[in-house]
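Novice:
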Amino acid sequence: MRRMAEGDEDARNKLIEHNLRLVAHIVKKFDNTKEDTDDLISIGSIGLIKAINSYSSGKGTKLATYAARCIENEILMHLRGLKKTRKDVSLNDPIGQDKEGNTISLIDILKSANKDVVDEISLNFETKKSMERCIFLIHVNAK
211 MRRMAEGDED
221 ARNKLIEHNL
231 RLVAHIVKKF
241 DNTKEDTDDL
251 ISIGSIGLIK
261 AINSYSSGKG
271 TKLATYAARC
281 IENEILMHLR
291 GLKKTRKDVS
301 LNDPIGQDKE
311 GNTISLIDIL
321 KSANKDVVDE
331 ISLNFETKKS
341 MERCIFLIHV
351 NAK
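Residue 234 in our numbering sits at position 24 of the sequence shown, and the numbers go up by one each step.
#1: Check Ser300 in the structure and name its three-state DSSP category.
#2: Which same chain residues, not among the five before or five after Ser255, have their C-beta less than 6 Å away from its C-beta?
#3: Using CA coordinates, which residue listed in Leu320, Arg231, Leu258 and Arg290 is at the minimum distance from Glu245?
#4: What is the residue span of the beta strand (DSSP E) that Thr313 lies within?
#5: DSSP three-state label for Gly270, please.
#6: Return helix, strand or coil for Gly217, following the three-state DSSP convention.
#7: Rounded to a whole number of angstroms, what is the C-alpha to C-alpha distance between Ala277 and Thr295?
#8: What do you get for Asp287, buried or exposed, if any count of 16 or more other CB atoms within 10 angstroms of its CB means buried?
#9: Tell whether a beta-carbon distance below 9 Å holds between Ile317 and Asn302.
#10: From Lys338 to Cys344, what does the alpha carbon distance come to, in whole angstroms?
#11: How about Cys280 and Leu258: do their beta carbons lie closer than 9 Å?
#12: What does the alpha-carbon distance come out to for the pair Ala221 and Thr243?
#13: Taking 9 Å as the cut-off, decide whether the C-beta atoms of Phe240 and Ile305 are in contact.
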């Protein structure tokens, strides 16, 4: 620790290597997340590196305790970020089959309905403009 505090890069790397088992141990807690273990180990390793770079022995905690919390927090941040993107749907994902048994994707349906959608949006826009014009004329005539 003293050598690392003095700026010895080899000592820092050795600390990281010696604490990789801690990362693997913490990743075991997240087996129920359906995430790839190798991905979680990589993310946990980033947390370990951040912990070693920011650790200060003057705060009264041991490195392993501090690093364990940093590793766990890094993994939890990653899992929270995944919750936001899990709701995303690809336009190319299969959603069913047609009468001949061919796979249909969402993009296929959008392509066939594209002209109808554009016409409907255009009609809604024109209707809205007409209504605004009528309301304006009623308001002006009421004065």
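Here a beta-carbon is modelled for each residue, glycine too, at the ideal position from N, C-alpha and C.
Specialist: A quick look at the data gives this:
#1: coil
#2: Val233
#3: Arg290
#4: Thr313 to Ser315
#5: coil
#6: coil
#7: 28 Å
#8: Reading off the sequence shown, one finds Met at residue 287, where the question assumed Asp. The residue in question, Met287, is exposed, as its Cβ has fewer than 16 Cβ neighbours within 10 Å.
#9: yes
#10: 10 Å
#11: yes
#12: 34 Å
#13: no
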